[in-house]
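Student: First residue of the sequence shown? That's 115 in our numbering, and the numbers climb one at a time after it.
Quick one: this structure, given as C-alpha cells, is what I'll be asking you about.
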Amino acid sequence: MKCINKLEENIALANKLINMDNLCRKFESEREKLMASINITTAKREEDDLMLEKKNEQVDNEISKNVYQAYLLEPFFKRKNKALLDIILLKKELRELKKKNKQYSKTIDELDNKLSFNKKVKIKKEDFVIRAS
Numbered sequence: 115m116k117c118i119n120k121l122e123e124n125i126a127l128a129n130k131l132i133n134m135d136n137l138c139r140k141f142e143s144e145r146e147k148l149m150a151s152i153n154i155t156t157a158k159r160e161e162d163d164l165m166l167e168k169k170n171e172q173v174d175n176e177i178s179k180n181v182y183q184a185y186l187l188e189p190f191f192k193r194k195n196k197a198l199l200d201i202i203l204l205k206k207e208l209r210e211l212k213k214k215n216k217q218y219s220k221t222i223d224e225l226d227n228k229l230s231f232n233k234k235v236k237i238k239k240e241d242f243v244i245r246a247s
C-alpha cells in the first residue's frame, strides 16, 4: 500500500509538473509575442522618431531659407514702402493744390465780374519790344 500511495503521490507530482510546464510554455509564448510586438513597436517608434527628426530638420532649413530670402527682400520692401508713402503724400498735396486752385479760380471770377474783363486777354507780338543791352 505504501508503494501504491507513493506512486500515486509521484503521479500527482508529475501531473503538477506537467501542468506547470504547460503553463510555463504558454507564458513563454505569450512573452515572445509581447516582446516581438514591443520590438516591432520600438523599431517603428525609432523609425518614426528618425522621420520626425528629418522633417524637423527640413522645416528648420526651410525656415532659415525663408528668413534669408526675407532678409534679401527687406531693402526692396523699404523702398516700396517709401514710394507708397511718397505717393500718399503727393496725392494729399494734389488735393490741397486743387482746393487752392478752386479758391483762386473763384477769386479770379469774382474779380473778373467786378472789373468786367474778358477771361482771355489777347496779346499781339507787336506789343512786345526786344532790346539788346
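Yeah, the Cβ is synthetic: ideal placement off N, Cα and C, and Gly gets one too.
Along the chain, where does the alpha helix (DSSP H) containing Met-115 start, and where does it finish?
Tutor: From DSSP, Met-115 is part of no alpha helix (DSSP H); its letter is neither H nor E.
Student: With a threshold of 8 Å between beta carbons, is Asn-153 in contact with chain C?
Tutor: Here chain C cannot be found, since the structure has a single protein chain.
Student: Could you pull out every unbroken alpha helix (DSSP H) segment of at least 4 residues lying fully inside the stretch 151 to 181, listed in chain order?
Tutor: Counting only runs of 4 or more, we get nothing.
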